[in-house]
Amino acid sequence: MSNTFFIRIIATDKIFFEGKILAFIGSSIDGEFEFMAHHEEEIVAVAVGGIRFQTEDGEWHRAICGMGTAQFVNNRCTVLVDTCERPEDIDRVRAQAALERAQEGLIHHSSRVEYYMAQASMVRAITRLKESYDRRS
């Protein structure tokens with residue numbers, strides 16, 4: 001019995017990754033979750049944060065993704081997220097500017113919806129900055 005499974009990670013603008021892997025670790029609202037070969041069928045809500053996956057050669061890869069879902073069925077995983085990018089592709093200057101705009105939005109919100117949107121933008125910006133510094137530092 002093989003210890004790998006097929007995964008397809010799809011963002012709204014591209015297929016981020018597809019192939020056989022040994023393990024997938026993602027973020028959910030309850031914490032981290034992990035899929036390995038022959039996992040029980042499951043659907044998980046993916047939260048903004050870092051994901052990691054181990055390819056057949058044993059190498060771990062990291063990415064930052066937005067909200068979405070992960071489904072594991074018949075030893076195949078499909079991850080659908082709004083955004084997905086490698087830490088080395090993050091423009092720190094743009095991420096810092098996004099964080100500052102989000103912080104201003106939290107201060108100067110005029111409705112509850114604007115407050116929650118600014119809060120979500122701030123989480124995305126902080127995650128992108130953190131992951132880019134973890135990778136490069």
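Residue numbers (this note's numbering): 1 to 137. Cβ coordinates follow ideal geometry from the N, Cα and C atoms, glycine included. Since this is a predicted model, take the numbers as computed values, not measurements.
Check	Outcome
Coil, strand or helix - E56 by DSSP	coil
Whole-angstrom distance between Q119 and H38, CA atom to CA atom	37 Å
Range covered by the beta strand (DSSP E) that runs through G19	I15 to S28
Cβ contact (3+ pairs, closer than 8 Å) linking the segment 47-67 and the segment 8-27	yes
Collapsed DSSP secondary structure at T127 in the structure displayed	helix
Anticipated Cβ contact below 8 Å, V79 with I21, distance rounded	Actually they are not in contact, since the Cβ atoms of V79 and I21 sit about 11 Å apart, beyond 8 Å.
Helix, strand or coil at A63 according to DSSP, with G and I counted as helix	strand
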